[in-house]
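Here's the structure we're looking at; comments come further down.
Residue numbers (this note's numbering): 53 to 532.
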């Protein structure tokens, strides 16, 4: 238990002049997000004497940020004039900001202890206690838009030698890049409050650009959607393992995955490490689940449409909403079989398939998807549930562009961030950005959190190919 708790009800800066009610319509892409609360934990090194100033800076920074990121204030509510929902902010709405002090809790590690274990989340113990009550991650009925879920809350957890700052929000509000842009805006607003300087600029289009992804069909033109996804019954108990790919090893791996014929398709570092992980995971899972060699294992990847000039015109730089869609190996004209993925195909073929998947996510592809989503009457059935897919599936989400450690909050730059999962989400592969203050210095590369079945975990970690390129760093969540 914390030795002290403070509770604040924050209002957006200038709320006195706000309208009695503001409604921001959901986009069709919001409904593809997992129906969960997200729980991002940002780590800072701090002296105990700085705590009072940090609390005041966070309060002031949050008040300004909430006046800008207005879709984080209030609740999700059903619309009266169509079949969708809106983020509804009322003039008197407040946002919870909790502050807890964990100095005397013997089971809460210090900042130094966490840094020594690469901020692997398992070392926090019960992560639920660090989130705002009721807003910890997980698929649950309270997150359904018809239940009018609260949109966001924040919690500062002071530990010995540092701060664990947790940002909770409903996933319908924003994806990973939406979150990191709100966190970057908060960093600038906190630094302005801390230092008495001008806050960073803000463009309301970071919210309003979502209108171009919003459906506008009459209910009579719509049809019923699919059955909401549920956890696949054949999945076995899993843990989430944390590991690292040094930059030098990434270069070696990319060379390994490159074609010998220079006229063939270019391969990225992402293609190379994803190909090897797809191979290793499939190799160890195929026996566990009795997969047939001719089966086609599924690889899916969340594609961020902000990048690579995918949209014309582009959205605002700090676009805060959901703007992702999934590419899947099942959509390829020629899919790889289990035997090919696990051993027989050259690694280049796996990497080339991944490159083809990524490049298939174009503006016309997105527009076709939006047209398909528009005709669904109740879009709440469309949410993504990663563990609804069959065994041998890997769903990747690449967070390398979502770096935060170069942004100064006025009381310091983040040393790392993690997502607090109280339960394992099977089939998931998270790719974290490199930590600037990581132990390998210039050779520090991306970190990975992979959900893997307990029965094959030891064999996977001891696999010579894994050990050649990757460095095991602990567990995000370990189950028995």
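Ideal placement from N, C-alpha and C gives every residue a C-beta, glycine not left out. Here the structure is a predicted model, which means the values were calculated and not measured.
Taking the beta strand (DSSP E) that residue i belongs to, which residues open and close that run?
i, result
"residue 448", "446 to 450"
"residue 526", "523 to 529"
"residue 148", "147 to 153"
"residue 222", "214 to 222"
"residue 209", "204 to 211"
"residue 293", "290 to 296"
"residue 356", "351 to 356"
"residue 503", "499 to 505"
Kindly indicate which three-state DSSP category residue i falls into: helix, strand or coil?
i, result
"residue 140", "strand"
"residue 374", "coil"
"residue 384", "coil"
"residue 259", "helix"
"residue 436", "coil"
"residue 483", "strand"
"residue 57", "strand"
"residue 264", "helix"
"residue 77", "strand"
"residue 122", "helix"
"residue 128", "strand"
"residue 62", "strand"
"residue 86", "coil"
"residue 379", "strand"
"residue 180", "helix"
"residue 476", "coil"
"residue 186", "coil"
"residue 254", "coil"
"residue 415", "helix"
"residue 361", "coil"
"residue 282", "coil"
"residue 315", "coil"
"residue 191", "coil"
"residue 344", "coil"
"residue 72", "coil"
"residue 200", "coil"
"residue 172", "coil"
"residue 461", "coil"
"residue 106", "helix"
Using DSSP bridges, identify the partner residues of residue i.
i, result
"residue 428", "275"
"residue 96", "215"
"residue 469", "94"
Closer than 8 angstroms to a non-hydrogen atom of the ligand FAD - does that hold for the CB of residue i?
i, result
"residue 118", "Inclusion of the ligand FAD in the displayed structure is not the case, the ligand content being empty and no account of it being possible."
Where does the unbroken alpha helix (DSSP H) through residue i begin, and where does it stop?
i, result
"residue 329", "321 to 341"
"residue 243", "228 to 247"
"residue 492", "Residue 492 -> no alpha helix (DSSP H), and no H or E assigned at all."
"residue 166", "163 to 168"
"residue 368", "Residue 368 -> no alpha helix (DSSP H), and no H or E assigned at all."
"residue 300", "299 to 309"
Taking 9 angstroms as the CB-CB limit, is residue i close to chain C?
i, result
"residue 94", "Looking at the structure shown, chain C is missing, and only one protein chain is on hand."
Do the region 64 to 84 and the region 254 to 267 touch if we need at least three Cβ pairs shorter than 8 angstroms?
yes
Is there contact here, the region 377 to 386 with the region 277 to 287, by at least three beta-carbon pairs under 8 angstroms?
no
Should the region 224 to 244 be regarded as contacting the region 162 to 178, the criterion being three or more beta carbon pairs within less than 8 angstroms?
no
Is it true that the region 417 to 432 meets the region 304 to 323, where meeting means three or more beta-carbon pairs spaced less than 8 angstroms apart?
no
If contact is defined by three or more beta carbon pairs under 8 angstroms, each pair taking one atom from either stretch, is the region 280 to 289 in contact with the region 460 to 470?
no
With three or more C-beta pairs closer than 8 angstroms as the rule, is the region 56 to 72 touching the region 138 to 146?
yes
Check whether the region 252 to 259 touches the region 439 to 448, taking contact to mean three or more Cβ pairs, one atom from each stretch, closer than 8 angstroms.
no
So does the region 183 to 195 actually touch the region 87 to 102, counting three or more Cβ pairs closer than 8 angstroms?
yes
Just checking, does the region 201 to 218 make contact with the region 503 to 519 on the three C-beta pairs under 8 angstroms criterion?
no
On the three-pair Cβ rule with 8 angstroms, is the region 356 to 369 touching the region 399 to 415?
yes
Which parts of the region 384 to 412 are runs of the alpha helix (DSSP H), unbroken and 4 residues or longer, counting only runs that do not cross its ends?
399 to 411
Does the count of Cβ pairs from the region 109 to 121 and the region 233 to 249 closer than 8 angstroms reach three?
yes
At least three beta-carbon pairs within less than 8 angstroms, the region 361 to 378 to the region 331 to 339
no
Three or more C-beta pairs closer than 8 angstroms, one from the region 173 to 181 and one from the region 130 to 141: is that the case here?
no
Hey, is the region 473 to 490 in contact with the region 508 to 527, meaning 3+ C-beta pairs nearer than 8 angstroms?
no
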